[in-house]
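J.: The structure is given below, and queries will be raised subsequently.
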Amino acid sequence: MKNIGFIGLGIMGGPMAANLARAGHSVVGYDLGPDRVERLTDAGGRGAADLAEAVAGADVVITMLPDSPDVEGVALGPDGIMRQARPGSLYIDMSTVRPETGRRLAQAGAVTGVHVLDAPVSGGEPGAVEGRLSIMVGGAEEDFATAMPLFEVLGATIVHVGPAGAGQTVKAANQLVVGGVYALVAEALVLLEASGVDGKTGLDVLAGGLAGSRILDLKRESMVNREFAPGFRVDLHHKDMGIALAAAREAGVALPMTGLVAQVMAAARAQGYGSLDHSALLKVIENLSGK
Ligand code: NAD
Numbered sequence: 208m209k210n211i212g213f214i215g216l217g218i219m220g221g222p223m224a225a226n227l228a229r230a231g232h233s234v235v236g237y238d239l240g241p242d243r244v245e246r247l248t249d250a251g252g253r254g255a256a257d258l259a260e261a262v263a264g265a266d267v268v269i270t271m272l273p274d275s276p277d278v279e280g281v282a283l284g285p286d287g288i289m290r291q292a293r294p295g296s297l298y299i300d301m302s303t304v305r306p307e308t309g310r311r312l313a314q315a316g317a318v319t320g321v322h323v324l325d326a327p328v329s330g331g332e333p334g335a336v337e338g339r340l341s342i343m344v345g346g347a348e349e350d351f352a353t354a355m356p357l358f359e360v361l362g363a364t365i366v367h368v369g370p371a372g373a374g375q376t377v378k379a380a381n382q383l384v385v386g387g388v389y390a391l392v393a394e395a396l397v398l399l400e401a402s403g404v405d406g407k408t409g410l411d412v413l414a415g416g417l418a419g420s421r422i423l424d425l426k427r428e429s430m431v432n433r434e435f436a437p438g439f440r441v442d443l444h445h446k447d448m449g450i451a452l453a454a455a456r457e458a459g460v461a462l463p464m465t466g467l468v469a470q471v472m473a474a475a476r477a478q479g480y481g482s483l484d485h486s487a488l489l490k491v492i493e494n495l496s497g498k
């Protein structure tokens, strides 16, 4: 049994923290929105009044926050996790942030004696609820081993991919592929329907051939029906496309398709679809075609 401080109890963090509590760990959760703690308390965890209360006495602190500035603020700020966590404890950031942020956290941990892993996830809300996330982990091998029993509660595919920041690099690669597939499925559907072919029938055939993908399997029906309740919000995917492009710049590589998909994602936001599911890229492609 571990004492866990869990910061960020949103769509993903809420069910993840609840699963850890249900597995028998002592979980103290904190979120800026106090109502968000409910799922955790129902599962046997406890809410904290502030960050300090969640971190005090924790063997492991986990963050699941929206973006790099949120994580850096909570972890590296004057009253942040790095100042308050016990030396020798473990801090795992499971948010999707810049690889550079992952490395910055590890550098701060090396100064304060806190062990640090970057461990972003894939699998969405259903994966979080069912404890079946894919977890890509950057950091030291021995810290990965320490965290493994917790990861096994949260995920089904758990891979140590390299040193600090490497987990975030893999997640950036994941997000550029996911964004690209959504954009092209949207284009395929617009072409099918504009040509007088039933969209569902056409995408059903695609799903069974070389164009098949998890996205076609899981989302083609909702896309055909224009159901865009999130899921994973356009706003967050827009953030992730920015992370992928920043990582590309840092690595000195050119990713032209990623740049294009990032612009379509930016258009989705600009057209007011930021809080819809990322499959709402379909609306942008329809708008471009006057449909
Ligand atoms: P969310 O907006 O639902 O949850 C984030 C939570 O963090 C909110 O409840 C918010 O109140 C809280 N928060 C923000 N700043 C805080 C602070 N300073 N202190 C305490 N709490 C704070 O977002 P989410 O969908 O749960 O995503 C979280 C992270 O996981 C993001 O980085 C996202 O990219 C990533 N992710 C999301 C999904 C998904 O399908 N939703 C899938 C994989 C990865």
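The numbering of the sequence shown is the numbering used here, which starts it at 208 and goes up by one.
Every residue, glycine too, gets a C-beta built ideally from N, C-alpha and C.
For LYS446, tell me which candidate among VAL262, THR364 and SER302 has the shortest Cα-Cα distance.
T.: In the sequence shown, counting from the first residue as 1, residue 446 sits at position 239. Answer by Cα proximity: SER302.
J.: Please state if the CB of GLU279 and the CB of GLY372 are separated by a distance shorter than 8 Å.
T.: By 1-based counting over the sequence shown, the position of residue 372 is 165. By 1-based counting over the sequence shown, the position of residue 279 is 72. No, Cβ-Cβ distance for GLY372 and GLU279 is not below 8 Å.
J.: Sort GLY220, GLN478 and ALA455 by Cα distance to GLU332 and report the nearest one.
T.: Along the sequence shown, one-based indexing puts residue 332 at 125. Checking every option, the nearest Cα to that of GLU332 belongs to GLY220.
J.: Which full runs of the alpha helix (DSSP H) of 4+ residues lie inside the region 239-290, going along the chain?
T.: 245-249, 258-262 and 275-283
J.: Is it the case that the Cβ atoms of ALA282 and LEU312 are separated by a distance below 8 Å?
T.: Sequence index remark: in the sequence shown, residue 282 carries index 75 (1-based). Sequence index remark: in the sequence shown, residue 312 carries index 105 (1-based). Yes. Within cutoff.
J.: Could you check where the beta strand (DSSP E) with MET343 kicks off and where it finishes?
T.: On the sequence shown, residue 343 is found 136 positions in, with the first residue counted as 1. Residues 340-345.
J.: Pull up the distance between the alpha-carbon of GLN510 and that of VAL404, whole angstroms please.
T.: An answer regarding residue 510 cannot be provided, because it is not within the stretch 208 to 498 covered by the chain.
J.: Taking the continuous alpha helix (DSSP H) assigned at GLY309, which residues delimit it?
T.: If you number the sequence shown from 1, residue 309 lands on position 102. In the DSSP assignment, GLY309 falls within the unbroken alpha helix (DSSP H) covering 306-319.
J.: What would DSSP say about ARG421, mapped onto helix, strand or coil?
T.: For the purposes of this step, residue 421 is identified with residue 214 of the sequence shown, where counting begins at 1. Helix.
J.: Among all the DSSP beta bridges, which residues are the ones paired with HIS367?
T.: Residue numbering aside, residue 367 sits at position 160 when the sequence shown is read from its first letter. Paired residue(s): VAL344.
J.: Grab me the residues of SER496's own chain with a C-beta within less than 8 Å of its C-beta, minus the 5 sequence neighbours each way, in chain order.
T.: Numbered from its first residue, the sequence shown carries residue 496 at position 289. Excluding residues within five positions, the ones whose Cβ falls inside 8 Å are VAL397 and ALA401.
J.: From GLY338 to ASP350, what does the alpha carbon distance come to, in whole angstroms?
T.: Residue mapping note: residue 338 aligns to position 131 of the sequence shown, counting from 1. Residue mapping note: residue 350 aligns to position 143 of the sequence shown, counting from 1. Whole-angstrom Cα-Cα distance: 21 Å.
J.: Given a cut-off of 8 Å on the beta-carbon distance, is the pair LEU489 and ALA469 in contact?
T.: Position 282 of the sequence shown holds residue 489. Position 262 of the sequence shown holds residue 469. Their beta carbons are not under 8 Å apart, which means LEU489 does not touch ALA469 by this criterion.
J.: Can you round the beta-carbon distance between LEU410 and ARG427 to whole angstroms, since I take them to be within the 8 Å contact cut?
T.: Along the sequence shown, one-based indexing puts residue 410 at 203. Along the sequence shown, one-based indexing puts residue 427 at 220. Correct: roughly 4 Å between the Cβ atoms.
J.: For GLY406, report the span of its beta strand (DSSP E) as first-last.
T.: Locating residue 406 in the sequence shown gives position 199, counting from the first residue. That residue, GLY406, is in no beta strand (DSSP E); its alpha helix (DSSP H) goes 406-415.
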